[in-house]
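Straight run, no breaks: the sequence shown in my numbering ends on number 787.
Ideal placement from N, C-alpha and C gives every residue a C-beta, glycine not left out.
Fair warning: this is a prediction, and the values are worked out from it, not measured in the lab.
These notes are about the structure you will find just below.
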Amino acid sequence: MASKKLGAALGAIALMLTACGGSGGEAGGSAGEPIRIGGAYSVSGAFATLGVEANEGAEAYVKCRNDSGGVLGRPLELVSIDTASDPQVVLDAVQRLADRDGVVGIVGPEGTPTTIAAIQASRTAQVPIISNGGSWPFGQTPEQLEWVFSTTPPTQQIMDGYVEWWTKRGDVKTFAVIGADTPFLAVPRQWYEAKKDFLAVKMVAFVPFPPGAVDPVAEATTIRDANPDFIISWSSGPDQATALRTLSRLGVDVPIGMNGGVTSDVFGRIAGPELLAGKYAATYPPESLEDLPADYPLTQTIKEYTSCMQTAGFDSKSGASSAYLGYDAVASLVQGIETAGSVEPHALRNALETQTYVGASAVYKRTPQNHNGAQGINYNISENANGAWSLVHLPTGGRS
Numbered sequence: 388m389a390s391k392k393l394g395a396a397l398g399a400i401a402l403m404l405t406a407c408g409g410s411g412g413e414a415g416g417s418a419g420e421p422i423r424i425g426g427a428y429s430v431s432g433a434f435a436t437l438g439v440e441a442n443e444g445a446e447a448y449v450k451c452r453n454d455s456g457g458v459l460g461r462p463l464e465l466v467s468i469d470t471a472s473d474p475q476v477v478l479d480a481v482q483r484l485a486d487r488d489g490v491v492g493i494v495g496p497e498g499t500p501t502t503i504a505a506i507q508a509s510r511t512a513q514v515p516i517i518s519n520g521g522s523w524p525f526g527q528t529p530e531q532l533e534w535v536f537s538t539t540p541p542t543q544q545i546m547d548g549y550v551e552w553w554t555k556r557g558d559v560k561t562f563a564v565i566g567a568d569t570p571f572l573a574v575p576r577q578w579y580e581a582k583k584d585f586l587a588v589k590m591v592a593f594v595p596f597p598p599g600a601v602d603p604v605a606e607a608t609t610i611r612d613a614n615p616d617f618i619i620s621w622s623s624g625p626d627q628a629t630a631l632r633t634l635s636r637l638g639v640d641v642p643i644g645m646n647g648g649v650t651s652d653v654f655g656r657i658a659g660p661e662l663l664a665g666k667y668a669a670t671y672p673p674e675s676l677e678d679l680p681a682d683y684p685l686t687q688t689i690k691e692y693t694s695c696m697q698t699a700g701f702d703s704k705s706g707a708s709s710a711y712l713g714y715d716a717v718a719s720l721v722q723g724i725e726t727a728g729s730v731e732p733h734a735l736r737n738a739l740e741t742q743t744y745v746g747a748s749a750v751y752k753r754t755p756q757n758h759n760g761a762q763g764i765n766y767n768i769s770e771n772a773n774g775a776w777s778l779v780h781l782p783t784g785g786r787s
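Following this line, the structure appears as structure tokens:
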């Protein structure tokens with residue numbers, strides 16, 4: 388079944404998104420042959436709101452890098468597969484990219500279920516995988532993450548950012564959480580259980596609804612009746628829009644904040660401008676470049692990202708909130724290649740796990756025990772007003 392799904396996914400888009408000439412080659416190819424990087428992106432399905440733009444960010448970096456001469460005297464080539472938001476397809480795609488396509492590393496799993504599938508495949512594939520989404524560390528041990536890294540600030544930081552903002556506001560003493568019942572929803576619950584004894588706010592309701600539900604009115608009613616000061620809607624893609632729509636239909640008149648990855652044009656078309664008006668969302672630093680302090684540590688990389696996206700003909704501003712994660716994943720991998728001076732998988736993995744990478748999304752200081760290493764709080768809080776997202780809170784933890 389997975390092979391059939393993979394075949395259908397490959398038929399949906401071009402297999403290769405080639406940003407340079409040449410026919411590819413093995414990981415240890417000779418000088419002048421392209422260094423092949425695999426992309427496992429959800430260009431279709433529930434996570435397409437994340438995968439489409441992450442893929443664009445990866446393409447933009449590859450184009451810019453090739454325009455400046457490539458790496459180790461060789462051009463880069465991005466070989467991408469549409470995983471259709473299906474964990475089973477991810478399992479096949481990772482193995483195919485490593486075995487048949489000869490990639491030196493893989494970037495792209497952007498959802499929690501799809502990244503968990505990539506983690507499972509990584510022990511056999513034995514090439515570095517850099518996820519640009521989901522909820523690090525996905526409930527996995529360092530041993531299970533031996534070949535897996537991340538260029539997404541842990542999503543627990545989103546809740547830290549909201550609490551810092553609520554403290555500043557002074558009018559939020561209680562909150563409730565609603566979301567699709569996926570592994571991603573475990574993040575705010577686990578965060579609260581770990582920190583509740585130290586918080587000045589109380590969670591008064593935590594309500595999951597079935598993924599793909601059309602009208603979770605019973606669950607939304609429970610949230611409304613808990614009478615919170617603030618609601619966190621925690622889902623991806625269409626499920627996020629469904630939660631907002633149902634709460635709106637019930638006449639819920641409470642501030643609503645969302646997780647990251649919802650400020651993209653793709654999600655905006657799913658939800659519609661009226662539904663998003665007045666809502667809050669976790670956003671990444673590149674979305675607020677004009678509002679960042681002059682000494683903000685990510686500014687230079689954000690400017691480079693913006694330039695590369697524009698050169699590649701992609702949207703660099705209007706909430707392309709997964710594009711910089713895709714950009715960072717490839718840039719981090721390439722920095723690892725430069726440090727190792729090699730594309731040999733073990734040498735590259737070793738370089739990545741002691742890497743300090745200043746990205747567009749965060750400063751990452753990795754160790755053998757922590758293959759993410761994002762420093763500080765890297766999610767801002769923005770509000771949708773007049774059809775645009777505007778910064779309302781820059782966490783002090785983001786000044787890492």
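Check	Outcome
According to DSSP, which residues form a beta bridge with residue 428?	469
When the Cα atoms are used, what is the spatial distance from residue 733 to residue 514?	8 Å
Under a Cβ-count criterion, where at least 16 other Cβ atoms within 10 Å of its own Cβ denotes burial, should residue 472 be classed as buried or exposed?	buried
If you draw a straight line from the C-alpha of residue 408 to the C-alpha of residue 465, how long is it?	Residue placement at residue 408 cannot be trusted, given a pLDDT of 37 that sits under 50; what the coordinates show is reported in the next sentence. Rounded to whole angstroms, residue 408 to residue 465 spans 11 Å at the Cα level.
Which of the three DSSP states is assigned to residue 444 in this structure?	helix
Can you tell me whether residue 597 is buried or exposed, with buried defined as 16 or more other CB within 10 angstroms of its CB?	exposed
Less than 8 Å separating the beta-carbons of residue 767 and residue 642?	no
Leaving out the 5 sequence neighbours to the left and right, which residues in its chain are closer than 8 Å to residue 412 when beta-carbon positions are compared?	Per-residue confidence for residue 412 stands at a pLDDT of 38, beneath the threshold of 50, marking its modelled position as unreliable; no derived number is given.
May I ask which residues mark the beginning and end of the alpha helix (DSSP H) holding residue 582?	573-582
Could you check how far apart the C-beta atoms of residue 594 and residue 619 are, in whole angstroms? I think they sit under 8 Å.	Not really, about 11 Å apart at Cβ, beyond 8 Å.
In the DSSP assignment, the beta strand (DSSP E) including residue 768 goes from what residue to what residue?	767-772
Identify which residue in 431, 426, 425, 452 has its Cα closest to the Cα of residue 696.	452
Would residue 529 and residue 759 be called neighbours here (beta carbons separated by less than 8 Å)?	no
Reducing DSSP to helix, strand and coil, say where residue 537 ends up.	strand
Only counting the same chain, and skipping five residues up and downstream in sequence, which positions put a Cβ closer than 7 Å to that of residue 777?	769, 770
When you compare only the Cα positions, how much space is there between residue 491 and residue 485?	7 Å
Please list, in chain order, all residues of the same chain as residue 773 whose beta carbon is under 7 Å from its beta carbon, the five residues on each side excluded.	none
If I measure Cβ to Cβ from residue 693 and keep anything under 6 Å in the same chain, skipping five residues before and after, which residues do I get?	703
I'd like the ranges of any alpha helix (DSSP H) spanning at least 4 consecutive residues and lying wholly in the segment 603-635.	604-612
Kindly indicate which residue of 638, 624, 639, 526 has the alpha-carbon position closest to the one of residue 578.	526
To the nearest angstrom, report how far apart residue 410 and residue 444 are at their CA atoms.	Residue placement at residue 410 is flagged as unreliable, the pLDDT there being 36, under the threshold of 50; a coordinate-derived value is accordingly withheld.
Determine the direct distance from the alpha carbon of residue 727 to that of residue 737, and round the result to whole angstroms.	8 Å
Taking the continuous beta strand (DSSP E) assigned at residue 550, which residues delimit it?	Per DSSP, residue 550 belongs to no beta strand (DSSP E); it is in the alpha helix (DSSP H), 543-556.
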